[in-house]
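Structure first, then comments.
Number of protein chains: 2
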Amino acid sequence: MRNEFEFINNMKSLYSLDLVGDDCAVLPQNSTHDLLITSDMLVEDVDFSLKWTDPETLGHKALAVSLSDIAAMGGSPEFALLSIAVSEKLWKTDFLDRFYQSWHSIAQNYGVELAGGDISRVPDRLVIDSTVLGSVPKGRAIWRSGARPGDGIYVSGSLGGAAAGLAILEKGDREPHELIEKQLKPTPQISLGKQLQQFHLATAMIDVSDGLGSDLSHICESSGVGAIIRAERVPIHPSIRSVASIDEELQWALSGGEDFELLFTADPDHFAAASIKNVTQIGEITGERGRVDIEADGQMQSLGSIGFRHF
Amino acid sequence: MRNEFEFINNMKSLYSLDLVGDDCAVLPQNSTHDLLITSDMLVEDVDFSLKWTDPETLGHKALAVSLSDIAAMGGSPEFALLSIAVSEKLWKTDFLDRFYQSWHSIAQNYGVELAGGDISRVPDRLVIDSTVLGSVPKGRAIWRSGARPGDGIYVSGSLGGAAAGLAILEKGDREPHELIEKQLKPTPQISLGKQLQQFHLATAMIDVSDGLGSDLSHICESSGVGAIIRAERVPIHPSIRSVASIDEELQWALSGGEDFELLFTADPDHFAAASIKNVTQIGEITGERGRVDIEADGQMQSLGSIGFRHF
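Residue numbers (this note's numbering), protein chains in the order written: chain E, 1042 to 1352; chain R, 1042 to 1352.
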């Protein structure tokens, strides 16, 4: 069965959809800025569960995932649209009021104003589609396609925390925990994305939403390059050790997804001179188009495009 | 139970959401144009049924409903985002390929390019969120709030056809029929909307999506005015007579919705001089704030805000 990336690539080439395929579409706005736009659909029991997500955390996450796409282009978020399909049962409660109060709170933190959307009824599962518009200085959006052989590969913060948090939630544990927080209330890396854009540091960028392997493969495919990841350099979330084996923690860091950190490539000398904090070099871009390897304990293995897929 | 309009109005005032509440949000773009943006969510078994909608008609309608919102501001559509939550069962078929082929065909007719979106899995019902961006000369968007006492009330084309088509489909009849076409493949009134904008003709405008009563009430609320509709002037779809009683046909025309015609107000002298075709004056705006009446057979009745609501 084709996966969603194959379907989208097929549509792109069939209909010449040149604007489709990065974290955001980049559209003409005015003489100084380009317009960024992105949509993310969240479906109950597929992308979240109301068993462990309250309206407040869902309101936060619904906006955060789209802000993360704006961050991955080096842009600033400005406006949002929110479309919600909700059951009559949930409609009768204060769920949407609490959802929106929390949405509004994160929106204010990032300077985002709600501009519209839609409300529909659904017989059962909640569906949310979040659209965010942003802005980036003209010609300065950071695409997935700019990685060059010899570039370093960098990631912000740490990985695997969101996947570990999900594993804790799926076991039924609801005690407050740093890893659960990482899963339910991700922080979009808007400041870092802007910094990388303003100082011309990143050659290619994506946010870690599907998993390091999958997201790095997107950069390599778009850029026509390959990559080698050094396993011992991958920054694993410091709290994972208490809940996972060593094998599990690397697996979560490589394929877990939803950390919403920034994964980017840069000229290593150029980047080293900039002293950007809280970023780790985890590997190098190679000229071997389409080949994504990981080196662990002196052994080289294919990392491939492991990560979350809907299909 | 509060309906969705009450919920949205409450959110608007609680959080000062000044951009929310018209057919599109109007955002700053550049020195000559404003940006328009609108989202519409379509849920299977609520907004459409796969019993009588094939992928091609759904692809058409998913875009047409949002184009109609751009038309209602007097704008030109330019870009779209399409988010789809689809079951694995449907994913395995050619449903989405056929859906998108038809979507692309109407998009080309109206000069719209797909810029992005999302694909998610859903356990059962198909959900589509369609976002369209458009453009309008700066300061020239036609709002719901500009109607003035003494303005005429006008509607394009005819009403009730989509509701009659739905009634035919719900009876199980699948023979090709003009009314079924009106329900399944609405025509967005982009040219008329632009014409009214370019010639400064309309003082307020909305598209007829929920029903004449409901949509006219939105204009009256936003404008702080009232309205009188003359029943005998309401242009009823010419093919309705064969499938409905006289009472039913007026009911469908007043509350059926989904005709996606343009409902607007204008200075009657100014409008008469412009000789716009295929538009009928159906009443007048009054100074009686919030009062929407219909005059039929010499009797005045409250029309209220009858029409489609999700809640």
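The beta-carbon is built from N, C-alpha and C at its ideal position, and this holds for glycine as well.
Going by DSSP, V1106/R is part of the alpha helix (DSSP H) stretching over 1096 to 1112.
Segment contact: the stretch 1188 to 1200 of chain E against the stretch 1137 to 1154 of chain E, fewer than three CB-CB distances shorter than 8 Å; contact not assigned. At a beta-carbon threshold of 7 Å, the residues of chain E lying near H1145/R are Y1056, ordered along the chain. For P1069/E, the secondary structure class from DSSP, reduced to helix, strand or coil, is strand. Burial is judged here by how many other beta carbons sit within 10 angstroms of a residue's own beta carbon; A1314/E has fewer than 16 and is exposed. If you draw a straight line from the Cα of V1284/E to the Cα of A1205/E, it comes to about 8 Å.
Here L1174/E carries a strand assignment [DSSP, helix/strand/coil].
Under the three-state reduction of DSSP, S1161/E is assigned to strand. Chain E places no beta carbon closer than 7 Å to that of N1150/R, leaving this residue out of the contacts. At least 7 Å separates the CB of L1091/E from every CB of chain R.
When only Cα atoms are considered, S1054/E and H1145/R end up about 13 Å apart. For S1343/E, the pairing in a beta bridge is given by DSSP as D1334/E. In the DSSP assignment, Y1195/E is bridged to F1305/E, Q1322/E.
Looking at the DSSP output, P1118/E sits in a beta bridge with G1175/E. Secondary structure note for H1145/E: its alpha helix (DSSP H) is the uninterrupted segment 1136 to 1150. With fewer than 16 other CB atoms across the displayed protein chains lying within 10 angstroms of its CB, T1134/R is exposed. For A1156/E, the three-state secondary structure derived from DSSP is strand.
The C-alpha of Q1224/R is placed about 22 Å away from the C-alpha of A1121/R. A direct Cα-Cα distance of roughly 32 Å separates L1291/R from G1157/E.
Assigned with DSSP and collapsed to three states, I1247/R falls in strand.
By the 16-neighbour rule on beta-carbons within 10 angstroms, I1231/R is buried.
With three or more CB-CB distances shorter than 8 Å, the stretch 1164 to 1181 of chain E counts as touching the stretch 1056 to 1073 of chain E. Taking the Cα of G1267/E as reference, the smallest distance to any Cα among I1169/E, G1328/E, A1113/E is reached at G1328/E. V1275/R and P1309/R have their C-alpha atoms some 17 Å from each other. Taking 8 Å as the cut-off between beta carbons, the residues of the stretch 1166 to 1200 of chain R near chain E are R1166, V1168, D1170, T1172, L1174, in sequence order. For D1256/E, the secondary structure class from DSSP, reduced to helix, strand or coil, is helix.
Rounded to whole angstroms, the gap between the alpha carbons of I1335/R and E1047/R is 24 Å. For a cut-off of 8 Å, the C-beta gap from M1114/R to V1177/R is around 6 Å, short enough to register as a contact. The C-alpha of L1123/E lies about 7 Å from the C-alpha of I1169/E.
Contact annotation: R1162/E and V1061/R have beta-carbon atoms that are not nearer than 7 Å. Contacts between L1122/R and chain E, judged by CB atoms closer than 7 Å, involve I1078, S1080, T1172 in chain order. Interface annotation, F1349/R: not in contact with chain E, CB-CB separation never under 7 Å.
No Cβ of chain R is located within less than 7 Å of the beta carbon of N1050/E. Counting C-beta atoms within 10 angstroms of its own C-beta, G1191/E has fewer than 16 neighbours from the protein chains shown and is therefore classed as exposed. Interface flag for L1108/E against chain R is unset, since no Cβ pair is found closer than 7 Å. If you ignore the 5 residues before and after E1222/R, its C-beta comes within less than 8 Å of the C-beta of G1206, all in its own chain and listed in chain order.
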